[in-house]
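*Asks:* As they're listed, the protein sequences go chains A and B. When the letters of the first sequence are read in order and numbered with UniProt numbering, they come out as residues 1 to 301. When the letters of the second sequence are read in order and numbered with UniProt numbering, they come out as residues 1 to 301. A virtual CB, placed ideally from N, CA and C, is assigned to each residue, including glycine.
There are 2 protein chains.
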Amino acid sequence: MLQLPESVTIKEVGPRDGLQNETNKIATEDKVAWIDQLSDTGLSYIEISSFVHPKWIPQLADAKEVAQAIKRNPGITYAALVPNVKGLERAIETEIDEVSIFMSSSETHNKKNINKTIEETFPVLQEVVDGAKQAGKTVRGYVSTVFGCPYDGHVPVEQVLRVCDRLFEMGIDELSLGDTTGVADPKQVDAVLNKMKQNFSFDQITMHFHNTRGMALANVLVSLQHGITTFDGALGGLGGCPYAKGASGNLATDDLVHMLHQMGVETGIHQDKLHESAAFIQRKLGKELPSHQMQVMNRSS
Amino acid sequence: MLQLPESVTIKEVGPRDGLQNETNKIATEDKVAWIDQLSDTGLSYIEISSFVHPKWIPQLADAKEVAQAIKRNPGITYAALVPNVKGLERAIETEIDEVSIFMSSSETHNKKNINKTIEETFPVLQEVVDGAKQAGKTVRGYVSTVFGCPYDGHVPVEQVLRVCDRLFEMGIDELSLGDTTGVADPKQVDAVLNKMKQNFSFDQITMHFHNTRGMALANVLVSLQHGITTFDGALGGLGGCPYAKGASGNLATDDLVHMLHQMGVETGIHQDKLHESAAFIQRKLGKELPSHQMQVMNRSS
Chain A
1 MLQLPESVTI KEVGPRDGLQ NETNKIATED KVAWIDQLSD TGLSYIEISS FVHPKWIPQL
61 ADAKEVAQAI KRNPGITYAA LVPNVKGLER AIETEIDEVS IFMSSSETHN KKNINKTIEE
121 TFPVLQEVVD GAKQAGKTVR GYVSTVFGCP YDGHVPVEQV LRVCDRLFEM GIDELSLGDT
181 TGVADPKQVD AVLNKMKQNF SFDQITMHFH NTRGMALANV LVSLQHGITT FDGALGGLGG
241 CPYAKGASGN LATDDLVHML HQMGVETGIH QDKLHESAAF IQRKLGKELP SHQMQVMNRS
301 S
Chain B
1 MLQLPESVTI KEVGPRDGLQ NETNKIATED KVAWIDQLSD TGLSYIEISS FVHPKWIPQL
61 ADAKEVAQAI KRNPGITYAA LVPNVKGLER AIETEIDEVS IFMSSSETHN KKNINKTIEE
121 TFPVLQEVVD GAKQAGKTVR GYVSTVFGCP YDGHVPVEQV LRVCDRLFEM GIDELSLGDT
181 TGVADPKQVD AVLNKMKQNF SFDQITMHFH NTRGMALANV LVSLQHGITT FDGALGGLGG
241 CPYAKGASGN LATDDLVHML HQMGVETGIH QDKLHESAAF IQRKLGKELP SHQMQVMNRS
301 S
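(1) Taking B:D272 as the query, report the chain A residues whose CB atoms sit under 8 Å from its CB, ordered along the chain.
(2) Whole angstroms is fine: what's the gap from B:D62's alpha carbon to B:L19's?
(3) Is B:D255 closer than 7 Å to B:S291 when the C-beta atoms are compared?
(4) Below 9 Å on C-beta distance, what does B:P156 contact in chain A?
(5) So if DSSP puts A:G233 in a beta bridge, which residue, or which two residues, is it bridged to?
(6) Against chain D, which members of the segment 186-220 of chain B pass a CB distance test of less than 9 Å?
(7) Using 8 Å as the Cβ pair cut-off and three pairs as the minimum, do the segment 4-19 of chain B and the segment 281-298 of chain A touch?
(8) Can B:K64 and B:T94 be called in contact, C-beta distance under 7 Å?
(9) Starting from the C-beta of A:G239, find all residues in its chain whose C-beta is less than 6 Å away, skip the five residues before and the five after it, and write them out in chain order.
(10) With distance defined between alpha-carbon atoms, name the residue in B:N73, B:K71, B:P74 and B:V66 nearest to B:A80.
(11) Would you mind listing the beta strand (DSSP E) stretches within the segment 147-190 of chain A that are 3+ residues and don't spill past its ends, in chain order?
(12) Looking at the secondary structure, which residues open and close the alpha helix (DSSP H) in which A:A27 lies?
(13) A:K273 to A:N298, Cα distance in whole Å?
(14) Would you mind stating whether A:V129 and A:G171 have Cβ atoms separated by less than 7 Å?
(15) Which residue comes first and which comes last in the alpha helix (DSSP H) that contains B:V139?
(16) Buried or exposed for A:S201, please, with buried defined as at least 16 other CB atoms from any protein chain shown within 10 angstroms of its CB.
(17) Whose CA, out of A:I228, A:S50, A:E169 and A:T212, lies closest to the CA of A:L177?
(18) What residues are listed by DSSP as bridge partners for A:V99?
(19) Going along chain A in order, which residues have a C-beta closer than 8 Å to the C-beta of B:H53?
(20) With a cut-off of 7 Å, does the C-beta of A:H292 fall near any C-beta of chain B?
(21) So if DSSP puts B:N73 in a beta bridge, which residue, or which two residues, is it bridged to?
(22) Under 7 Å between the Cβ atoms of A:S106 and A:V155?
(23) In chain order, what residues of the same chain lie with their CB nearer than 6 Å to the CB of A:M294, ignoring the 5 residues before and after it?
(24) Under the assumption that A:V192 contacts A:V143 (Cβ atoms under 8 Å), give the Cβ distance between them as a whole number of angstroms.
(25) Among the candidates A:A91, A:Q37, A:K71 and A:V52, whose CA atom is the shortest distance from the CA of A:Q271?
(26) Less than 8 Å between C-beta atoms, sequence neighbours within five positions excluded: which residues of the same chain meet that for B:E276?
(27) Can you confirm whether A:Q282, when its beta carbon is compared against all beta carbons of chain B, has any partner nearer than 7 Å?
(28) Could you check which residue in A:Q198, A:K86, A:D97 and A:Q262 has the C-alpha nearest to that of A:I76?
(29) With 16 other CB atoms within 10 Å as the buried threshold, where does B:G214 fall?
(30) If you reduce the DSSP assignment to three classes, tell me which class A:H208 lands in.
(31) Out of B:I92, B:K25, B:W56 and B:S7, state which residue places its alpha-carbon closest to the alpha-carbon of B:L285.
(32) Just the Cα atoms here: how many angstroms apart are A:K137 and A:S100?
(33) Given a cut-off of 7 Å on the beta-carbon distance, is the pair A:T23 and A:I269 in contact?
(34) Could you check where the beta strand (DSSP E) with B:E47 kicks off and where it finishes?
(35) Using a C-beta cutoff of 7 Å, does A:Q262 count as contacting chain B?
(36) Once the 5 residues before and after A:V82 are set aside, which same chain residues still bring their CB inside 7 Å of it?
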């Protein structure tokens with residue numbers, strides 16, 4: 001029999017990882033209204049924006065305004081991405097709860113994304129972690145291209161482990177393992193998690209899947225078998241895939257919640273409210289969201 | 001560690017289960033050209049059409065012409081759906097290799113689809129099986145709504161087993177268990193297969209998933225764990241979902257092959273040729289196919 005956990009935590013990254021890859025502009029007030037709706041769905045974690053320089057991600061240039069305008073639900077952790085101490089300063093001014101740092105496990109993707117080698121990236125992130133900790137914030141570490149790199153191809157699991165080790169040594173509280181371009185298959189997830197469990201406690205590990213090739217929920221299933229109980233999702237499958245415009249991107253929170261609830265796994269999330277907030281951001285984006293739940297809803301209404 | 005079989009057989013049902021749900025008309029010569037392409041991909045089984053009365057499925061009114069015009073590859077089983085002895089007579093005239101019969105495991109779906117109760121359906125199918133056997137054909141049985149019915153909701157597994165038992169007693173060679181509206185979740189598949197394996201040998205069972213809610217590949221994964229090694233697929237995810245127009249339909253053969261090959265499971269299928277034949281039928285349909293493989297290809301080209 002399939003062994004499943006009683007409950008799973010879903011971290012909503014749509015306002016950041018979703019919207020940063022959408023070309024249609026969303027007004028600040030609409031982002032705020034959307035995040036306020038998300039705060040009412042039962043989610044316990046929302047990544048609201050990114051304090052990356054607006055030159056790199058103009059879609060999220062209003063990070064500070066968004067962070068200051070949203071209604072804070074005391075039961076929810078509001079997080080934001082931070083690339084360096086400059087970004088951290090701006091984030092801290094908004095009294096964000098958690099700071100996320102990011103890097104890749106493959107050299108070329110890291111270089112193209114951060115303009116530094118992996119080795120050069122660590123001291124920059126250490127500064128951010130130290131500053132965040134001094135300000136009393138928890139820190140999440142994102143590692144990209146864990147299951148493959150669009151430039152380097154195969155990424156050896158030892159290389160991933162080395163990056164993860166360094167991040168935990170820096171003092172991060174949690175790690176999110178990213179299948180950045182949606183190449184992971186269930187067998188690979190099985191193999192990587194078998195290695196991972198020798199080094200890390202799985203209550204500090206989140207899986208971050210993309211559904212580019214349709215395998216995200218199969219990968220979730222294998223992860224659940226390994227005892228992983230935290231997953232990132234972007235509502236409606238927001239975000240696309242930066243390497244194949246228009247193709248499915250982030251694992252859709254609504255599809256994930258649907259599968260988990262069908263299997264009797266609790267998430268604490270109200271599906272109706274979740275779908276309403278997906279319909280809201282779909283209207284604001286002015287295009288159909290790719291999640292299966294939204295496709296079924298759009299066709300049935 | 002994830003236990004996987006060395007190889008899997010994929011039965012291509014796109015020309016029948018796919019095209020019967022597409023509203024765009026495909027010319028007979030294009031169907032023939034497409035099936036001839038499919039015959040060159042390494043597939044060992046193709047369901048080419050349906051000998052249902054054209055009044056019910058006008059898209060497949062040219063079943064006989066298609067069956068007579070395609071090039072027969074001796075290594076491939078060419079099958080067609082047959083609802084009754086009238087259809088069987090037409091099918092036998094074309095020298096089709098295998099005949100498929102179909103019914104539902106839920107009363108209301110069976111009634112709406114076949115206009116008979118489940119009990120009234122058996123004698124009709126018995127006639128077809130007997131006639132097919134006399135003509136030296138193998139027979140495949142499709143059972144629909146195994147994991148849920150759009151009208152009756154939950155379908156007790158005992159009811160499914162009763163229908164399957166009767167079909168095997170009739171003399172069918174193989175059973176295809178259909179998740180007709182794509183509601184199955186991995187836990188349910190696990191539970192149903194646990195029951196199934198008490199009554200049937202899994203080398204006579206094919207799983208037929210739809211991806212309406214994005215869980216098809218996760219359901220395949222659970223089935224593989226149970227020792228199932230045959231799956232139905234429709235190339236490009238052809239067919240939509242008759243209950244939610246435009247939403248994903250049949251499990252896409254190309255997405256299934258991709259996942260299996262990534263995991264080192266052999267299918268005997270050439271992916272490049274498969275994608276070429278998907279691109280061909282996509283052009284003829286004049287609309288984008290929903291499979292993830294085709295979405296990635298359409299966006300990358």
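*Replies:* Taking the geometry as given:
(1) Numbered from 1 along the second sequence, position 272 holds the residue referred to as residue 272 of chain B. Near B:D272 there are no residues of chain A at all, since even the closest Cβ is about 16 Å away, more than 8 Å.
(2) By one-based count along the second sequence, residue 62 of chain B stands at place 62. By one-based count along the second sequence, residue 19 of chain B stands at place 19. Rounded to whole angstroms, B:D62 to B:L19 spans 12 Å at the Cα level.
(3) As a working mapping, residue 291 of chain B is identified with position 291 in the second sequence. As a working mapping, residue 255 of chain B is identified with position 255 in the second sequence. Yes; because the gap between Cβ atoms is below 7 Å, this pair is in contact.
(4) Numbered from its first residue, the second sequence carries residue 156 of chain B at position 156. Per Cβ cutoff of 9 Å: no residues; B:P156 is ~17 Å from chain A at best.
(5) Working through the first sequence from its first residue, we reach residue 233 of chain A at position 233. For A:G233, which the question treats as bridged, DSSP gives the partners A:E12.
(6) The chain labelled as chain D is not found among the protein chains of the depicted structure, namely A and B.
(7) No, they do not touch.
(8) Position 64 of the second sequence, counted from the first residue, corresponds to residue 64 of chain B. Position 94 of the second sequence, counted from the first residue, corresponds to residue 94 of chain B. Closer than 7 Å, so yes.
(9) One-based indexing of the first sequence puts residue 239 of chain A at position 239. Hits under 6 Å: D17, G18, N21, G249 and N250.
(10) Here residue 80 of chain B corresponds to residue number 80 of the second sequence, with the count starting at 1. The shortest C-alpha separation from B:A80 is found at B:V66.
(11) 174-178
(12) As a position in the first sequence, residue 27 of chain A is number 27, starting the count at 1. No alpha helix (DSSP H) holds A:A27; DSSP gives it neither H nor E.
(13) Along the first sequence, one-based indexing puts residue 273 of chain A at 273. Along the first sequence, one-based indexing puts residue 298 of chain A at 298. Rounded to the nearest angstrom, the two C-alpha atoms are 16 Å apart.
(14) Position 129 of the first sequence, counted from the start, is the residue given in the question as residue 129 of chain A. Position 171 of the first sequence, counted from the start, is the residue given in the question as residue 171 of chain A. Contact flag set, yes.
(15) Reading the second sequence from its first residue, position 139 is the one you call residue 139 of chain B. Per DSSP, B:V139 belongs to no alpha helix (DSSP H); it is in the beta strand (DSSP E), T138 to S144.
(16) For the purposes of this step, residue 201 of chain A is identified with residue 201 of the first sequence, where counting begins at 1. With fewer than 16 Cβ atoms within 10 Å of its Cβ, A:S201 is classed as exposed.
(17) Taking the first residue of the first sequence as position 1, residue 177 of chain A is located at position 177. Minimum Cα distance to A:L177 is reached at A:I228.
(18) Taking the first sequence and counting its residues from 1, the one referred to as residue 99 of chain A is at position 99. Note: A:V99 sits in a beta bridge opposite A:A80 and A:V139.
(19) Position 53 of the second sequence, counted from the first residue, corresponds to residue 53 of chain B. Within chain A, no residue has its beta carbon less than 8 Å from that of B:H53; the closest one is some 28 Å off.
(20) Here residue 292 of chain A refers to the residue found at position 292 when the first sequence is read from its first residue. Judged by the 7 Å Cβ criterion, A:H292 is in contact with chain B.
(21) Here the question's residue 73 of chain B lines up with position 73 in the second sequence. None; B:N73 has no bridge partner.
(22) Along the first sequence, read from residue 1 onward, the residue named residue 106 of chain A stands at position 106. Along the first sequence, read from residue 1 onward, the residue named residue 155 of chain A stands at position 155. Against a cut-off of 7 Å, the Cβ pair of A:V155 and A:S106 comes out as a contact.
(23) Working through the first sequence from its first residue, we reach residue 294 of chain A at position 294. If we look at A:M294 and ignore the five residues flanking it on each side, its Cβ neighbours are G236 and A278.
(24) For the purposes of this step, residue 192 of chain A is taken as the residue at position 192 of the first sequence. For the purposes of this step, residue 143 of chain A is taken as the residue at position 143 of the first sequence. Not a contact, Cβ separation roughly 11 Å.
(25) Taking the first residue of the first sequence as position 1, residue 271 of chain A is located at position 271. The candidate whose alpha carbon is nearest that of A:Q271 is A:Q37.
(26) In the second sequence, the residue the question calls residue 276 of chain B occupies position 276. Same-chain partners within the cutoff: Q37.
(27) Position 282 of the first sequence, counted from the first residue, corresponds to residue 282 of chain A. No, because no Cβ of chain B sits closer than 7 Å to the Cβ of A:Q282.
(28) Position 76 of the first sequence, counted from the start, is the residue given in the question as residue 76 of chain A. Comparing alpha carbon positions, the residue from A:Q198, A:K86, A:D97 and A:Q262 closest to A:I76 is A:D97.
(29) What you label residue 214 of chain B is simply residue 214 of the second sequence in a count that begins at 1. Per the 10 Å Cβ criterion, buried.
(30) Position 208 of the first sequence, counted from the first residue, corresponds to residue 208 of chain A. Assigned with DSSP and collapsed to three states, A:H208 falls in strand.
(31) As a position in the second sequence, residue 285 of chain B is number 285, starting the count at 1. Out of B:I92, B:K25, B:W56 and B:S7, the CA that lies nearest to the CA of B:L285 is found in B:K25.
(32) Stepping through the first sequence from its first residue, residue 137 of chain A is reached at position 137. Stepping through the first sequence from its first residue, residue 100 of chain A is reached at position 100. Approximately 10 Å between the Cα atoms of the pair.
(33) By 1-based counting over the first sequence, the position of residue 23 of chain A is 23. By 1-based counting over the first sequence, the position of residue 269 of chain A is 269. At a Cβ-Cβ threshold of 7 Å, A:T23 and A:I269 do not count as neighbours.
(34) Stepping through the second sequence from its first residue, residue 47 of chain B is reached at position 47. Where B:E47 is concerned, the enclosing beta strand (DSSP E) stretches over Y45 to S50.
(35) For the purposes of this step, residue 262 of chain A is taken as residue 262 along the first sequence, with counting starting at 1. Cβ-Cβ to chain B under 7 Å: yes for A:Q262.
(36) Locating residue 82 of chain A in the first sequence gives position 82, where the first residue counts as 1. Here the set comprises F51, L88, A91, V99, S100, I101 and V128.
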